[in-house]
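Note sheet for the following structure.
Numbering (the working numbering), first residue to last: 69 to 888.
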């Protein structure tokens, strides 16, 4: 044999041995995978789920396509409540075995539970092809059809799906998804008794469906069954011992029903069972502080500290916080300093430092507070509460980019934190991204389980955008869980006032009126007065206010409202006569004296009004509105020098008054002292960077009267929040900044609607015309410049751009137009 042939033969033999070895290894891997699977199943038989899961993971390392192991692993994850983990395993299964019925059905069910309707449709359709007669699959697809019918408001289709759901329950009473369709329909129709009956039937089949407990709770609240509400919450606390939200809801319910002893008893029982859990202890202390007394709460903490234990440092910090809230500010700060001095650098220490920073912020020592937060983050860049703090001040300082990065880091640590989502919404708002702001506010509502404050924020956002029906839905959902929330009811009432839905507004007023407490009765009275005013039922409004004036609890505000109504009707003599009678009883009343001064000014008795204003201010130099009214009176009576002196005196008395500084800035602007106006607006922005008016005015002055790049970039930073605005003044500011930056198409999107809404504002027309010039729209530019010139002709004071305006018209009239 040729030597090369011999070598080739050796190579073939070697390759054959390698192939045989590999096959043997494969067989061995499959055998080992099967052994792990059998071991896992044996552990399951013994009830050792954790070790069984480890065995199944070993199966996948050796054989990723082991169907039974994948199915069993997915089932276990779902049974343990790990929906996302189970979903991922079932997805892996159907990628490998697309016709697996259990996988498709489970995916459709889980998608239905989480509201992923596209996934319900995908997996439900696939499951139906595999088993068209399977009742559970039919029910899933019927639930999808019901959802579609609801979104399209297709009454006939809704009725069909309800009939199908009933038929499915008749065929198999344990099909929960069919019952959920009926439950949703009953809740939408406010058929609370039948809804509870269906919910109870569903929970008897599957008592682990969390969402049904919340719906049942809402139904009980609608039916006003406090004893049943308490019983259900106690049952939920036993069934879901790790759900702190349920326990807090139970305690709050007991508090709302004035059963403070039961609430305290429940909290103390929780502490007795979990004495090492500082959060449970803290809840008891907070309760004592709020509903007993600060001294009782501090005494309780002292007893806990005396016992010693791992959380002693936390309790000492809590004691300092309690003292701070009780007014012992310096003592609290000294105790915190002592506690943290030479403390071991631990997670607990950093948490206490963040709490200390919170106290320092409230004590107006922001420099030290920020230094503490920065030090914490230098040690631990993932400390969530410190990230919240820093993000909040970055947002206020327009550092939205860095704030969003920090908030994303915090959300990766605690992805279900509503406070983080609210901060993220603020960052997107400041950044001008209204859509992302809305998404984060909606998520905050969801993750907080429709908590009142989160729901109020989202409803206000929706209302501002004109989405009144959606805002109503958000408030109603929150009220089902907190029907006694006066804030939610008041917001709903204001919404119905805006919608002029008098019937529903009347219901809200009665509901607020039924709540126990003078504050809520006052809210109901305010809404009723506003409703009567909006309906122009003047006589009814006067009669209502007169009736309130006879009630000692509401006498003064009702009297003032009545006088204001008389002034609005130009019954000045009657208003003054009533005020004189009231002032005979309470001659030193600030509100009555102020309203009398306003009435005198309305009656052209200017000297008497001025004397009274000045008399009030001698007694009450803090009364900002009185300063402003006196200033306005002097301007109206053509006494500008005296008015200027009043404004100076007012600012001496209140150097950081937002209203007074706004007047000063506007005056500087009118007088052409633009740099002085900019300086005042900068101070206003430091005082309140959240004010869109201040941000707009400052940005407008920076771009209209300065030409340097630094001012332009500062203006853009200020005006980012105006992106997407519908206010014409804000549109002009943002559009002109876009123009200055060379973004002409974007500028046009803002300047055209602004000029359409305010066609008599020459500056808006001038800005729009300049944009047309930049876009080579010759005829549009000329027409708009001419419109601006015609408005300018009727003005007493010519704006500083008049000469440029006229020269542009002349140029465009003589210059041949380009083809547009």
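Backbone N, C-alpha and C fix where the C-beta goes; we use that ideal spot for every residue, glycine too. Please read all numbers here as calculations on a predicted model, not as lab measurements.
Requested in this report: Evaluate the contact criterion for the segment 815-827 versus the segment 513-531: three or more CB pairs, one atom per stretch, below 8 Å.
Outcome: no
Query raised in the report: How many Å lie between residue 638 and residue 629 at the Cα?
Result: Within the chain shown, residue 638 is the residue found at index 570, counting from 1. Within the chain shown, residue 629 is the residue found at index 561, counting from 1. If you take the alpha carbons of residue 638 and residue 629, they lie about 14 Å apart.
Query raised in the report: On the three-state DSSP scale, how would you describe residue 83?
Result: By one-based count along the chain shown, residue 83 stands at place 15. Bear in mind that the predicted position of residue 83 carries a pLDDT of just 43, short of 50, making it unreliable; the figure below should be weighed with that in mind. Reduced to three states, the DSSP call for residue 83 is helix.
Report task. Answer yes if the segment 122-135 comes into contact with the segment 145-153, meaning at least three C-beta pairs across the two stretches below 8 Å, and no otherwise. Result -> no
Query raised in the report: Taking C-alpha atoms, which residue in 758, 105, 114, 325 lies nearest to residue 127?
Result: Taking the chain shown and counting its residues from 1, one reaches residue 127 at position 59. Taking only the C-alpha atoms, the option nearest residue 127 is 105.
Query raised in the report: When the Cα atoms are used, what is the spatial distance from residue 412 to residue 427?
Result: Within the chain shown, residue 412 is the residue found at index 344, counting from 1. Within the chain shown, residue 427 is the residue found at index 359, counting from 1. Answer to the nearest angstrom: the Cα atoms are 21 Å apart.
Report task. Please state whether DSSP places residue 359 in a helix, a strand or coil. Result -> By one-based count along the chain shown, residue 359 stands at place 291. Residue 359: helix per DSSP, three-state reduction.
Report task. Could you spell out where the alpha helix (DSSP H) holding residue 124 opens and where it closes? Result -> Your numbering for residue 124 matches position 56 in the chain shown. Start and end: 117-130.
Query raised in the report: What separation, rounded to the nearest whole angstrom, lies between the Cα atoms of residue 239 and residue 339?
Result: On the chain shown, position 171 is the one that residue 239 refers to. On the chain shown, position 271 is the one that residue 339 refers to. The straight-line gap from Cα to Cα measures roughly 48 Å.
Report task. Using alpha carbons as the reference points, say which of 192, 156, 867, 153 lies closest to residue 172. Result -> The residue given as residue 172 occupies position 104 in the chain shown. Checking every option, the nearest Cα to that of residue 172 belongs to 192.
Requested in this report: Between the Cα of residue 233 and those of 355, 350, 212, 868, spot the shortest distance and give me the residue it belongs to.
Outcome: Counting from 1 along the chain shown, the entry for residue 233 is found at position 165. Nearest option by C-alpha distance: 212.
**Report entry** First through last residue of the alpha helix (DSSP H) which encompasses residue 571
**Finding:** Counted from its first residue, the chain shown places residue 571 at position 503. Taken as a continuous stretch (DSSP letters only), the alpha helix (DSSP H) holding residue 571 covers 570-582.
Query - Cut-off 7 Å between Cβ atoms - residues of its own chain near residue 215, not counting five sequence neighbours on either side - result: Stepping through the chain shown from its first residue, residue 215 is reached at position 147. 185, listed in sequence order.
Report task. Report buried or exposed for residue 796, applying the criterion of at least 16 other Cβ atoms within 10 angstroms of its Cβ. Result -> Within the chain shown, the letter at position 728 stands for residue 796. Looking at its Cβ environment, which holds 16 or more other Cβ atoms inside 10 Å, residue 796 is buried.
Query raised in the report: Does residue 331 come within less than 8 Å of chain C when only Cβ atoms are used?
Result: Reference to chain C is not applicable here, since this structure consists of a single protein chain.
Requested in this report: Just tell me which of 752, 323, 776, 777 has its CA closest to the CA of residue 765.
Outcome: Here residue 765 refers to the residue found at position 697 when the chain shown is read from its first residue. Nearest of 752, 323, 776, 777 to residue 765, Cα basis: 752.
Query raised in the report: Can you tell me where the alpha helix (DSSP H) with residue 682 in it begins and where it stops?
Result: Counting from 1 along the chain shown, the entry for residue 682 is found at position 614. Counting along the chain, the alpha helix (DSSP H) containing residue 682 begins and ends at 674-687.
Report task. Would you mind sorting residue 210 into buried or exposed? The rule is 16 or more other CB atoms within 10 Å of its CB. Result -> As a working note, residue 210 is residue 142 in the chain shown. Counting Cβ neighbours within 10 Å, residue 210 comes out buried, since at least 16 surround it.
**Report entry** Backbone CA spacing between residue 328 and residue 664 [nearest angstrom]
**Finding:** Taking the first residue of the chain shown as position 1, residue 328 is located at position 260. Taking the first residue of the chain shown as position 1, residue 664 is located at position 596. Each residue's alpha carbon lies about 46 Å from the other.
Query raised in the report: Between which two residues does the alpha helix (DSSP H) carrying residue 486 extend?
Result: Along the chain shown, one-based indexing puts residue 486 at 418. Here the alpha helix (DSSP H) through residue 486 covers 486-498.
Query raised in the report: What do you get for residue 226, buried or exposed, if any count of 16 or more other CB atoms within 10 angstroms of its CB means buried?
Result: Translated into positions along the chain shown, residue 226 becomes position 158. That one is buried.
Query raised in the report: Between residue 719 and residue 711, which are expected to be in contact by the criterion C-beta below 8 Å, what is the C-beta distance as a whole number of angstroms?
Result: Along the chain shown, one-based indexing puts residue 719 at 651. Along the chain shown, one-based indexing puts residue 711 at 643. Under the criterion of beta carbons closer than 8 Å, residue 719 and residue 711 do not qualify as touching, at roughly 13 Å.
**Report entry** Distance between residue 421 and residue 156 (C-alpha atoms, nearest Å)
**Finding:** On the chain shown, position 88 is the one that residue 156 refers to. On the chain shown, position 353 is the one that residue 421 refers to. Their Cα atoms are separated by approximately 40 Å.
Report task. Specify, as a first and last residue, the run of the alpha helix (DSSP H) that residue 727 falls within. Result -> Taking the chain shown and counting its residues from 1, one reaches residue 727 at position 659. It spans 726-738 - the alpha helix (DSSP H) in which residue 727 sits, taken as one unbroken run.
Requested in this report: Confirm, please, whether the CB-CB distance from residue 523 to residue 573 is below 8 Å.
Outcome: Within the chain shown, residue 573 is the residue found at index 505, counting from 1. Within the chain shown, residue 523 is the residue found at index 455, counting from 1. Cβ atoms of residue 573 and residue 523: not closer than 8 Å.
Query - Proximal residues to residue 803 (C-beta, below 7 Å), its chain only, five neighbours per side dropped - result: Looking up residue 803 in the chain shown gives position 735. 815, 818, 819, 822, 835, listed in sequence order.
**Report entry** Cβ neighbour criterion (16 or more within 10 Å) applied to residue 615
**Finding:** Taking the first residue of the chain shown as 1, we reach residue 615 at position 547. Exposed.
Query raised in the report: Candidates 513, 732, 747, 883: which alpha carbon is nearest residue 547's?
Result: Translated into positions along the chain shown, residue 547 becomes position 479. Among 513, 732, 747, 883, the Cα nearest to that of residue 547 belongs to 513.
Query raised in the report: Cα separation between residue 874 and residue 833?
Result: Residue numbering aside, residue 874 sits at position 806 when the chain shown is read from its first letter. Residue numbering aside, residue 833 sits at position 765 when the chain shown is read from its first letter. Within the model, the alpha-carbon separation for residue 874 versus residue 833 is close to 13 Å.
**Report entry** Per-residue DSSP class, three states only, for residue 243
**Finding:** Working through the chain shown from its first residue, we reach residue 243 at position 175. Reduced to three states, the DSSP call for residue 243 is coil.
Query raised in the report: Grouping DSSP H, G and I as helix and E and B as strand, with all else coil, what is residue 374?
Result: The sequence position of residue 374 within the chain shown is 306, counting from 1. Residue 374 carries a helical assignment under DSSP once its states are collapsed to helix, strand and coil.
Query raised in the report: Taking contact to mean at least 3 C-beta pairs separated by less than 8 Å, is the segment 736-746 in contact with the segment 766-781?
Result: yes
Query raised in the report: Hey, residue 249 and residue 230 are a contact pair by Cβ (cut 8 Å); roughly how many whole angstroms apart?
Result: Position 181 of the chain shown, counted from the first residue, corresponds to residue 249. Position 162 of the chain shown, counted from the first residue, corresponds to residue 230. With 8 Å as the limit, residue 249 and residue 230 qualify as a contact, their Cβ atoms being about 7 Å apart.
**Report entry** Burial state of residue 110, where buried means 16 or more other Cβ atoms lie within 10 Å
**Finding:** As a working mapping, residue 110 is identified with position 42 in the chain shown. Classification for residue 110: exposed.
Requested in this report: Report yes if the C-beta distance between residue 826 and residue 867 is below 8 Å; otherwise report no.
Outcome: Within the chain shown, numbered from 1, the residue matching residue 826 stands at position 758. Within the chain shown, numbered from 1, the residue matching residue 867 stands at position 799. Their beta carbons are not under 8 Å apart, which means residue 826 does not touch residue 867 by this criterion.
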